[in-house]
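Number of protein chains: 4
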Amino acid sequence: MASRGINKVILVGNLGNDPEIRYTANGGAIANLSIATSEQWKDRNSGEMREKTEWHRVVIFGKLAEIAGEYLRKGSQVYLEGKLQTRKWQDQQGQDKYTTEVIVDINGVMQMLGGGAGGRSGGDNYQQQSSQQNYGQQQNYGQQGQQNQGGFNQNQGGGQQSAPQQDSGFSDNFDDDIPF
Amino acid sequence: MASRGINKVILVGNLGNDPEIRYTANGGAIANLSIATSEQWKDRNSGEMREKTEWHRVVIFGKLAEIAGEYLRKGSQVYLEGKLQTRKWQDQQGQDKYTTEVIVDINGVMQMLGGGAGGRSGGDNYQQQSSQQNYGQQQNYGQQGQQNQGGFNQNQGGGQQSAPQQDSGFSDNFDDDIPF
Amino acid sequence: MASRGINKVILVGNLGNDPEIRYTANGGAIANLSIATSEQWKDRNSGEMREKTEWHRVVIFGKLAEIAGEYLRKGSQVYLEGKLQTRKWQDQQGQDKYTTEVIVDINGVMQMLGGGAGGRSGGDNYQQQSSQQNYGQQQNYGQQGQQNQGGFNQNQGGGQQSAPQQDSGFSDNFDDDIPF
Amino acid sequence: MASRGINKVILVGNLGNDPEIRYTANGGAIANLSIATSEQWKDRNSGEMREKTEWHRVVIFGKLAEIAGEYLRKGSQVYLEGKLQTRKWQDQQGQDKYTTEVIVDINGVMQMLGGGAGGRSGGDNYQQQSSQQNYGQQQNYGQQGQQNQGGFNQNQGGGQQSAPQQDSGFSDNFDDDIPF
DNA sequence: TTTT
DNA sequence: TTTT
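Protein chains in written order, with our numbering: chain A, 1 to 180; chain B, 1001 to 1180; chain C, 2001 to 2180; chain D, 3001 to 3180.
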C-alpha cells in the first residue's frame, strides 16, 4: 500500500436523505450519502447573513456502509474521512460526465455524531482498517493462528465473511455492480 | 506567517468538565478544556471488549474561547482543530515539567456537535480568523466592491475590539497572564 | 463566519503542469493547479503491482496564488489544505456540467515540499491569514478603506498594517529572504 | 474498532536526529522520531521576523518503523499521521512524569518527502492498515508481556496470511521495487 | 535536535 | 499532466 501522495477529505455534515444501500454480487455493501456542509458569513454590502451549502457525494464501502444503512438517516450528523475520487461516465446522450466523490473505504473513518434528525444520539466511530489494496490479505484475518483471531472479522461483522466478501465483490464484479 | 511544516490536531470528543475561562489583562479570553476521546477494541486473548480513554488538554484563545465558555458544558461533544504545543514549567519543588496541549488559536476551528450532556444540540462551527466573509468574494472574485470591510472584527465580535484586544493581551502580557 | 459542518481536503501531491495564474479586475491572483496523488497496491490475484493516479483540480486565491505562480512548477511536490466546492457550468452545447475543485482560499494552507521536478527543495508553508503571532496584524482588519476589495489582495498585500505588513515581507523580500 | 471520538495528528516536519529503532521481544519494530515544525511571523512591535520551533515526539510501530529506520535520517522531511497519546511514568526520584507522543500505529500514515538532509528525494507513502485491535498492544510496547508482545509483528509480519503477505512484499522486495 |  |  505504498503511495505517493496524500488524498484525504474530512467532512462533518448532515445527510440530506436517508442513505442508499446496495450490494455487490458478492455481498459487499455500498452506501451512497449526500452530505451537506454549510458556511455562513455576513455580506459586506448588505450586512445581512448569507449562507452557502455545499453538497458532497459520499460513497462508503463494506462494514461502514452497513452501519451507515442501519444507523444514519436523513438529518443525521456524521464525521467522515475518506479520499477524493473522480469517475467518468456517459449520460444517455453519450456525453462525457465527471463526478467527484468522497470515497470512504477500508481506510476511511465514519463517526456518527449526536443530534441528527434521524440519527441515534451519541455515536461510535468506525474505522474499517487496512487498505483498499489489501483486500485479499484481509480476507484471511483471524483465520488461523491465535493472534488477532477475532480481530478483523469480528470488527467487520460475521464469521470473517464480511471483508473477504467485500473484497471479492470489488475485484470480481466491480465493473458490473458499481456505477463508477 | 510562513512556516516550515504542518502541525495540526483534529479532535472530536466530549468535555470532561465545564470549560474554565479566564481573561488576559487586555480582555482576551482563554478557555481550558479537557476533552476525552476513546477507543474500543476486542481483546485478542480474552475476546472481551476493552476501552481506553485519552484525555486532551485544549487551550482556546479569543472569540472561540468566549463561545466555548458560553455554549460548551461538561459532556458536550465538540470538533476542534488546532496545533500541538509543549510548554515547560516548574512545579513547587522546582522540578521541570512538560505539558503538551492542543492550541486552538486564530487559525483553529471549533464546532459544537449535537448530543452532548450540557451542549446545545446542533452547533455552529467557528473559525477565528478571516474566512467566510470572503466566501461571497470568492464567488464574485474579481468583482470588487468594498466587501469585507469590517471583515475580521465582525467575525470576532464587537467593534473590532476583540481580535486587537486579544492581540495586545498576547503580546504585552503574555508572560504574566498565561501560564505557559 | 459561523458554519455548520467541516469541509476539509488535505492533499500531498505533484503538479502535472505549471500553475495557471490569472488575475481578477481588482488584482487578486487566482492559480489553477492540477495535482496528482497516486496509490499503489499489489493485486491480490496476479500479485502484480498496480497503480492508480487521481488528478485533483485545485484553485488557489490571493497571496498563495501568487506564491504558487512564482515557485511551483510542473513536477513540484506540494502540501495543500482547502475545501471541496462543486460549481455548475454550461458547455458550448448548453449542457450542464459540474466540476468539483479543491479551493485554497484565505483559510487554506499551502506548503511547498522538496524534491519535485520543478520545485526547489525545502519550502515554506504559507497560510493566508494570520496565526497566533499575527494578532497585531489582524488587528486592523476591516478597519479602514475599501480593503479586501478584489477578494484577497487587500487582505494579503494591500496598504494595511496588519496582514499586509507581513505579506509585504513576503512579497517584497521573498526572493532575498526565502531560500526556495 | 468502534470508538467515540476522533484523535488525529498530522505533521509535516524534519527529523532532528536519526530515528531510534528498537525491537520488542517478538520482533516488532518501534521507531522514535523527533520531528520539528516551525512557524515564522513578523513581530508586530519590532517588525522583526521571529520563529518558534515545536518539537514532536513521534513513536512509530510495525512496518512503518522499519521503513523509518531504513530511509529516514536526521534532516529528512516527512508527513506523518497518527494520534495523540499521553503516558505516565516515574523518573528516578519517583516523580510522576507525563509525556505526550504522536503514535503512528497500524492506523497511521507515513510519507517521506523530498529534500531532507538525509532523506532521499521523492518518497512513498505507507499506510499500515488495520486497526484498533492493537491499541492494547501499544501500551506494552517493548515491554512484552503476552499481549501483542511483539507489537505489530503479528499483524504485520508474523505467520499470518493477511497483512503479512503484503508486508512481505514490501520487506522482501523493498529495495528492488521502490525507488527511494 | 531539524529546516528555511 | 505529476511522481516513484
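Just so you know, even glycine gets a beta-carbon here, dropped at the ideal spot from N, CA and C. Treat the numbers as computed from the prediction; the structure is a model and nothing was measured.
Residue-chain proximity (residue i, chain A), Cβ-Cβ < 8 Å
i: Q2111/C; result: no
i: Q3127/D; result: yes
i: G1027/B; result: no
i: T2100/C; result: yes
i: G2062/C; result: no
Limits of the alpha helix (DSSP H) - the one that residue i falls within
i: E2066/C; result: K2063 to Y2071
N-terminal and C-terminal residue of the beta strand (DSSP E) that residue i is part of
i: S3038/D; result: A3029 to K3042
i: K1086/B; result: One point to set straight first is that residue 1086/B is Thr, not Lys, in the sequence displayed. Per DSSP, T1086/B belongs to the beta strand (DSSP E) from Q1077 to Q1090.
i: E2096/C; result: It should be noted that the sequence gives Asp, not Glu, for residue 2096/C. Start and end: D2096 to V2104.
i: E2020/C; result: E2020 to Y2023
i: N1185/B; result: Residue numbering for chain B in the displayed model covers 1001 to 1180; residue 1185/B lies beyond these limits and cannot be assessed.
i: K2008/C; result: I2006 to L2015
i: N3125/D; result: N3125 to Q3127
Within-8 Å CB hit, residue i to chain C
i: L33/A; result: no
i: I1006/B; result: yes
i: V104/A; result: no
i: V9/A; result: yes
i: E20/A; result: no
i: V3058/D; result: no
i: Q85/A; result: yes
i: G3082/D; result: no
i: G3094/D; result: no
Given residue i as reference, the closest of the options once Cα atoms are compared
i: P3019/D; options: V3078/D, G3114/D and N3125/D; result: V3078/D
i: I1220/B; options: G1027/B, E1054/B, L1080/B and N1007/B; result: The displayed coordinates of chain B run from 1001 to 1180. Any statement about residue 1220/B would go beyond what the structure contains.
i: A1029/B; options: E1054/B, M1049/B and V1104/B; result: V1104/B
i: N1014/B; options: S1034/B, K1063/B and G1108/B; result: S1034/B
i: H56/A; options: Q127/A, A25/A, L113/A and V102/A; result: V102/A
i: N1032/B; options: M1110/B, V1058/B and T1100/B; result: V1058/B
i: Y3098/D; options: V1012/B, T1024/B and E1054/B; result: E1054/B
i: Q1111/B; options: D1091/B, A1068/B, Q1092/B and Q1090/B; result: A1068/B
i: A1025/B; options: G1062/B, V1012/B and M1049/B; result: G1062/B
i: Q3127/D; options: E70/A, R50/A and I106/A; result: I106/A
i: I2021/C; options: E2070/C, G2108/C, G2114/C and Q2092/C; result: E2070/C
i: T3037/D; options: Y3023/D, V3012/D and R3050/D; result: V3012/D
i: G2108/C; options: T2100/C, M2049/C, N2125/C and D2096/C; result: N2125/C
Residue i burial status per 10 Å Cβ neighbour count (16 or more: buried)
i: E39/A; result: buried
i: G1094/B; result: exposed
i: A2065/C; result: buried
i: G27/A; result: exposed
i: K1088/B; result: exposed
i: K2052/C; result: exposed
i: N1983/C; result: This structure does not reach residue 1983/C, given that chain C is present from 2001 up to 2180, and the question cannot be answered.
i: R4/A; result: buried
i: Q1090/B; result: exposed
i: Q2092/C; result: exposed
Chain B contact for residue i (CB, 8 Å cutoff)
i: A3036/D; result: yes
i: Q77/A; result: yes
i: S3046/D; result: no
i: N2017/C; result: no
i: L3072/D; result: no
i: Q3040/D; result: yes
Any C-beta of chain D under 8 Å from that of residue i
i: N107/A; result: yes
i: G2114/C; result: yes
i: G1069/B; result: no
i: E1066/B; result: no
* Would you call the segment 2074-2082 of chain C and the segment 32-46 of chain A in contact, with 3 or more CB pairs under 8 Å? -> no
* Asked: Touching or not, the segment 3-15 of chain A and the segment 80-100 of chain A, by the rule of three or more beta carbon pairs under 8 Å?
  -> yes
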